[in-house]
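S.K.: Once you've had a glance at the structure underneath, I'll fire off some questions.
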Amino acid sequence: MNNLWGGAVADAARELNSSIAADSRMWREDIAGSLAHAAMLAARGIISQADGEAIKAGLTGILADIESGKLAIDMSAEDIHTFVEMTLTERIGEAGKRLHTARSRNDQVATDLRLYTRRRIDELLELVRGAVAAIHDKAAGYKDAVMPGYTHLQRAQPVTFGHYLCAWAMMLIRDAGRLADAKKRMGQCPLGACALAGTTFPIDRQMTAAALGFDRPALNSLDAVSDRDFCVETMAALSLLMAHLSRMAEELVLWSSLEFGFVTLPEGYVTGSSIMPQKKNPDMAELIRGKTGRVYGDLMGMLTVLKGLPLAYNKDMQEDKQALFDALDTAALCLGVLAPMIAGMTPHRSAMRKAAGAGFINATDCADWLVGHGVPFREAYAAAAELVHRGKPLEELTLEEYRAAHPAFDGTVYDAVDLDACVRRRRLPLDEELGYIEAFLQEQD
Ligand code: ARG
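Per this note's numbering, residue -5 is the first one in the sequence shown, and the count goes up by one each step.
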């Protein structure tokens, strides 16, 4: 396929210059943008009604034919904009050549990419919702399953599995908020900014912006064609999302090990070893953890491309799509696996309980009992530490042993170090947490 600008690039340069391998996936957005632009040109009398109708019919036909597989995108075209416009002209002749009036590929690509990203963010928000729903349901089923909470990966204080899982949901709810926020800031339509300085034609930018679902036209034409903040913001939100997925994945790897034994991952989300018949490897969790690096790389790549670019459009910007698409695809892929993996995992109450029973995770509660009986915290801390050093679970110490550590102890300390009581007394607002998560799941954006 030829170029829109008439000249030719050297064979050696063709591959470097071409972006169709990445941007062909924006064909829907490119056609939508052209339909809106052509309708506006006709409404303003910049092209004739007849040409407007011909363009509309031509573009609608191209859309249908790509959709049905009848028309294959020609990968020798420079980019998707070239392919759509040249195909249109091939099909409808003269009128097709009028489509690009009062437009440049610079405002066109900036519009297409925003439209595409907004659509993908909606998809990702659905996927995040799916993961949050899976976490919520599992948390609700294991509200009271006592397990050790950790700091420094050392058993620290007792929590419940339900409470633990809700922490994951909270991270994802913030991620959803960041993605929705990035989408909101993508609400200004670049169309009409043209190459960089707007146009002398009497276009109606409100009309195209509204037709494409944007809030309004972008005000500054130089900014409109060269802003790729929205790519960076989206990738930053995705990077943080991946950081969270990766932390969850790491815990699934740990918990499903024989050392922890807190959960069994579902069939279909673990793999066997070709040499060790007993193995069930948490490959999917590991890959989610591993793919996180890619998304960080995409973000760093984009930031680096933008650094020091003069206004307005520079061809460097063509590098935006590969990075952004990779980040979107990777996050979607990982969320799509993590949600059913969480939904299908089997938690083991007894293993969690057993782990909670060792490691003195009720030592703070023991010290707190003394504090409740008038002992200063530092003194109480020292007495509890002395008890811990005896090496026996606190529930099994005799009252004499307690009294040897501090004379204030009496028989009610046994209620204080009981694990279930420890968790109950913390008054973790689990029902409120679950309610908050449910409210998020019911939200319409
Ligand atoms: N393929 C280009 C991109 O992705 C479209 C814009 C080309 N504009 C130009 N002035 N060469 O950025």
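Positions of the beta carbon are idealized from the N, C-alpha and C atoms, including for glycine.
#1: Consult DSSP for Arg241 and reduce its assignment to one of helix, strand or coil.
#2: Using the Cα positions of Gly446 and Tyr158, report the straight-line distance between them to the nearest angstrom.
#3: Select from Asp209, Met164, Asp138, Ala203 the residue whose C-alpha is nearest the C-alpha of Gly156.
#4: Considering only residues of the same chain and omitting the five flanking positions on each side of Leu391, which have a CB-CB separation below 8 Å?
#5: Taking only runs that begin and end inside the stretch 301 to 354, name each unbroken alpha helix (DSSP H) of 4 or more residues, in chain order.
#6: Please state the DSSP three-state secondary structure of Cys360.
#7: Considering only C-alpha positions, which residue in the set Asp221, Cys183, Ala243, Gln182 is nearest to Arg332?
#8: Are there any heavy atoms of ligand 1 lying less than 8 Å away from the beta-carbon of Lys309, as far as the coordinates show?
#9: Can you tell me where the alpha helix (DSSP H) with Ala150 in it begins and where it stops?
#10: Could you give the distance in angstroms between the alpha-carbon of Asp131 and the alpha-carbon of Phe224?
#11: What are the boundary residues of the beta strand (DSSP E) that includes Val407?
#12: Considering only the beta carbon of each residue, do Phe77 and Trp(-1) sit closer than 9 Å?
#13: Within the same chain, show all residues whose beta-carbon is closer than 7 Å to that of Gln316, passing over the 5 residues directly before and after it, in chain order.
#14: Ordered along the chain, which non-local residues of its own chain (more than five positions away) have a Cβ less than 8 Å from that of Val247?
#15: Would the beta-carbon of Asn100 be found less than 8 Å away from any heavy atom of ligand 1?
#16: Look at the alpha carbon of Cys440 and the alpha carbon of Lys177, and state the distance between them as a whole number of angstroms.
#17: Would you mind sorting Gly405 into buried or exposed? The rule is 16 or more other CB atoms within 10 Å of its CB.
#18: For Asp225, which three-state DSSP category applies?
#19: Nearest-angstrom Cα distance between Arg8 and Phe195?
#20: According to DSSP, simplified to helix, strand and coil, what is Gln200?
#21: Under 8 Å: does the beta carbon of Val103 sit that close to some heavy atom of ligand 1?
#22: So, helix, strand or coil for Arg168, using DSSP?
#23: Which residue from Leu303, Pro334, Ile49, Asp116 puts its Cα closest to that of Ala89?
#24: Find the nearest neighbour of Leu121 within the set Phe354, Leu322, Arg347, judged by alpha-carbon distance.
#25: Measuring alpha carbon to alpha carbon, tell me which of Leu428, Pro271, Leu329 ends up nearest Lys285.
#26: Report the residue from Pro211, Ala58, Pro370 whose alpha carbon sits nearest the alpha carbon of Thr105.
#27: Look at the alpha carbon of Arg510 and the alpha carbon of Arg92, and state the distance between them as a whole number of angstroms.
#28: Leaving out the 5 sequence neighbours to the left and right, which residues in its chain are closer than 6 Å to Thr193 when beta-carbon positions are compared?
#29: If you measure from the CB of Ala189, is any heavy atom of ligand 1 nearer than 8 Å?
#30: Between which two residues does the beta strand (DSSP E) holding Tyr144 run?
#31: Below 8 Å, how does it come out for the stretch 140 to 152 and the stretch 340 to 356: are there three or more Cβ pairs, yes or no?
#32: Would you kindly work out how many angstroms separate the C-alpha atoms of Ala374 and Lys386, rounded to a whole number?
#33: Can you find at least 3 beta carbon pairs, one from the stretch 23 to 31 and one from the stretch 42 to 62, that sit closer than 8 Å?
#34: Is it the case that the CB of Ser215 approaches a heavy atom of ligand 1 more closely than 8 Å?
#35: Apart from the five residues on each side of it in sequence, which residues of its chain come closer than 6 Å, Cβ to Cβ, to Phe371?
M.R.: To lay it out plainly:
#1: helix
#2: Because the chain spans -5 through 439 in this model, residue 446 falls outside it and cannot be assessed.
#3: Asp138
#4: Leu381, Arg384
#5: 314 to 338, 343 to 351
#6: helix
#7: In the sequence as presented, Arg is not what sits at residue 332; that position holds Leu. Here the closest residue by C-alpha is Ala243.
#8: yes
#9: Segment 148 to 154 is the beta strand (DSSP E) holding Ala150; no alpha helix (DSSP H) there.
#10: 34 Å
#11: Not the beta strand (DSSP E): Val407 falls in the alpha helix (DSSP H), residues 407 to 411.
#12: no
#13: Ala16
#14: Pro276, Ala279, Glu280, Arg283
#15: yes
#16: There is simply no residue 440 to check, as the chain begins at -5 and stops at 439 in what is shown.
#17: exposed
#18: For clarity, residue 225 is Cys in the given sequence; the question names Asp instead. Of the three classes helix, strand and coil, the one that applies to Cys225 here is helix, per DSSP.
#19: 33 Å
#20: helix
#21: yes
#22: helix
#23: Ile49
#24: Leu322
#25: Leu329
#26: Pro211
#27: Only positions -5 to 439 of the chain appear in the structure, and residue 510 is not among them; the question remains open.
#28: Ala96
#29: yes
#30: 140 to 145
#31: yes
#32: 18 Å
#33: yes
#34: no
#35: Val365
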